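For the sequence shown, our numbering begins at 1 and goes up steadily by one.
For glycine and all other residues, C-beta sits at the position ideal for the given N, C-alpha and C.
The structure displayed is predicted, hence computed values, not measured ones.
Step one of this worksheet: look at the structure below.
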Amino acid sequence: MNISDDHLPSYIYTYPTKDAYRPFTDWKKAVSGFSNVVGKINLYIHIPFCEMKCAFCNLFTVTKNPRSVIERYLECLLKEIEIVRPYLLLDKLEVQSVYFGGGTPSLLNIDDLSSIIQRLKTLFIISNEAEWSIEGAPNSFTQQKFSDLKNLGFNRVSLGIQAFNPKLLHTTSRHYESTLGEVIAKMAIESGIKNVNLDLIYGLPGQSLEEWCQDLSIACKLFPATLTLYPLAVRKRTFFGKKEMQDFLPPCELYRWYDISSNFLEKMGYSQNTFVTYSKNGGGCQHEAQQFQGIPTLSFGSGARKYAPAIHFADEDYHNRLPHTITLKKYMETIEKEELLVSSAAFLTSRDQLMQKVILGILSSGVKEPGECMHLILELKKKDLVVETELGYTLTKQGMRHSSSIAQWLIEKTHVLV
């Protein structure tokens, strides 16, 4: 078990990971994975459009899109909902969360968002307590936009601030005034939207610890309900990953910054939910929490993965990566033929589903019945990484600190889906 300050794997937010997916194109068989799903479910809407490509981003995004492409995409997204509809037991499902992610979904105008929401409300039974969340960059919001979003029913907004510091904004390829982040964050919080999340990244090239602490202090003074703090992950398909830069922080330094940040947020009244997420006053992310509890997620849009109990699938081919623009084009062409684009999938046996429950549970609120994985949990307990509580087996403070390494170890120990 490689639990050390010299090892910091990427944050794991779903299981199985993309590495477990295999080429698969039978879309009817894939979507049939939802045909016996009843009870709680999450909805995810992927809007891939962005004004710019951030230097750190490896998400499914496309830039420089004319309005005609956006309109065509939205028509396809609504058509995708209709294609999937016959495979669902709609009267036996209750939606717990609706998440508009991307990309920058806040680039859509209110009429665009309203048309999607009305279609979802027409088809699905949506809980009165459902979380309605949308994410976006600061320069895609205005005071009027926040008011309109609230009127549409959104009760959570996630702002991709990343940095308040002007030098670091430039480093991430963000091209707007550095003061805008603070102004828009304050505007969001004062708009009356219940849960505002601020995303920040630490360990950016050229960033000093003092600059990071200043950014974190600015964020806390705004009193957001949720803060999400990501250590910089340098991925191959990003601008940072393609550059031969020497000033990325080593894992031991990232852990030191993590310690300083988590201790500071604890003093500021925040509770830690996951390795990256902190909340107070009803904050957090119910969509992620529901996924960590194993609740299925039905997604719509190109670049989105669908999570049924026994199959996870996507329109992206994770073993033969294509430019996102090509996948997007194939998605729209396929939808217009009344079919779904499916390129890769991971099938989950009952044992795999248990591992999903254990790994995602241990990363968040805990796991009560680890089943045949009990020996692994007990091994973690012996190392003071896990403790038994009324919630089940949960991570200790040290376990939370090394939660990504723990998740990686659990995956390697079980060799699931290989």
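Using a threshold of 7 Å, state whether the C-beta atoms of residue i and residue j are closer than that.
i      : j      : result
Leu43  : Val98  : yes
Ser403 : Leu410 : no
Pro296 : Ile47  : no
Asn197 : Thr226 : yes
Ile126 : Val95  : yes
Ser405 : Ile134 : no
Phe146 : Ala188 : yes
Ala310 : Gly39  : no
Thr61  : Cys50  : yes
Ile184 : Asp148 : no
Ile12  : Ala407 : yes
Glu131 : His7   : no
Ser458 : Tyr87  : For residue 458 there is no data in the structure shown, the boundaries of the chain being 1 and 418.
Val387 : Leu380 : no
Arg119 : Leu180 : no
Cys213 : Met268 : no
Ser302 : Asp315 : yes
Glu182 : Phe164 : yes
Asp199 : Ile161 : yes
Leu168 : Gln207 : yes
Along the chain, where does the beta strand (DSSP E) containing residue i start, and where does it finish?
i      : result
Asp199 : 195–202
Glu94  : 93–102
Asn42  : 39–47
Arg454 : No answer is possible for residue 454: the residues shown for the chain start at 1 and end at 418.
Ile134 : 126–136
Ala185 : Careful: Ala185 lies outside any beta strand (DSSP E), inside the alpha helix (DSSP H) at 179–190.
Arg305 : 305–307
Thr297 : 297–300
Tyr393 : 392–395
Can you list, in chain order, the residues of its chain with a C-beta nearer than 7 Å to that of residue i? Leave out the 5 residues immediately preceding and following it.
i      : result
Asp384 : Thr396, Gln398
Val418 : Model confidence at Val418 stands at a pLDDT of 39, short of 50, so the residue's coordinates are unreliable; what they give is reported in the following sentence. The answer is none, since no qualifying residue turns up.
Pro166 : Ser178
Gln272 : Ser262, Tyr278, Met400
Lys280 : Ala225, Gly269, Tyr270, Ser271
Just reading off the alpha helix (DSSP H) that residue i is part of, what are its end residues?
i      : result
Pro166 : 166–171
Arg119 : 110–123
Ala314 : Unbroken run through Ala314 is the beta strand (DSSP E), 311–314; no alpha helix (DSSP H).
Phe34  : Per DSSP, Phe34 belongs to no alpha helix (DSSP H) and is neither H nor E.
Ile70  : 67–84
Glu369 : That residue, Glu369, is in no alpha helix (DSSP H); it is neither H nor E in DSSP.
Lys89  : One point to set straight first is that residue 89 is Leu, not Lys, in the sequence displayed. Segment: none, Leu89 is in no alpha helix (DSSP H) and carries neither H nor E.
Glu388 : Where Glu388 is concerned, there is no enclosing alpha helix (DSSP H), although the beta strand (DSSP E) it sits in stretches over 386–389.
Kindly list the residues whose CB is nearer than 6 Å to the CB of residue i, restricted to its own chain and excluding five residues on each side of it in sequence; keep chain order.
i      : result
Gly371 : Leu354
Ser140 : Thr104, Ser106, Leu107
Phe313 : Ala30, Lys306, Val342, Ala345
Phe223 : none
His324 : Phe60, Val62
Val416 : Reliability fails at Val416, whose pLDDT of 46 lies under 50, so the model's placement of it is uncertain and the value that follows must be treated cautiously. Correct list, in chain order: Asp352, Met355.
Near residue i, what residues of its chain come up, given a Cβ to Cβ distance below 8 Å and the 5 sequence neighbours on each side ignored?
i      : result
Leu391 : Ser365, Gly366, Lys368
Any alpha helix (DSSP H) of 4 or more consecutive residues that is wholly inside the segment 236–288 | Entirely contained in the segment 236–288, the alpha helix (DSSP H) runs reaching 4 residues are, in chain order, 239–242, 251–267.
How about the segment 233–242 and the segment 252–269: do they share at least three Cβ pairs that are nearer than 8 Å?
-> Counting Cβ pairs under 8 Å, fewer than three are found: no touch.
Sufficient close CB pairs (3 or more, under 8 Å) joining the segment 189–208 to the segment 217–233 | In this structure the segment 189–208 lies against the segment 217–233, because at least three pairs of beta carbons, one per stretch, are closer than 8 Å.
Should the segment 67–75 be called in touch with the segment 12–26, which here means at least 3 C-beta pairs below 8 Å?
-> Flag = no, the segment 67–75 and the segment 12–26 do not touch.
Segments assigned beta strand (DSSP E), at least 3 residues, entirely inside the segment 311–355 = Listed in chain order, they are 311–314, 344–347.
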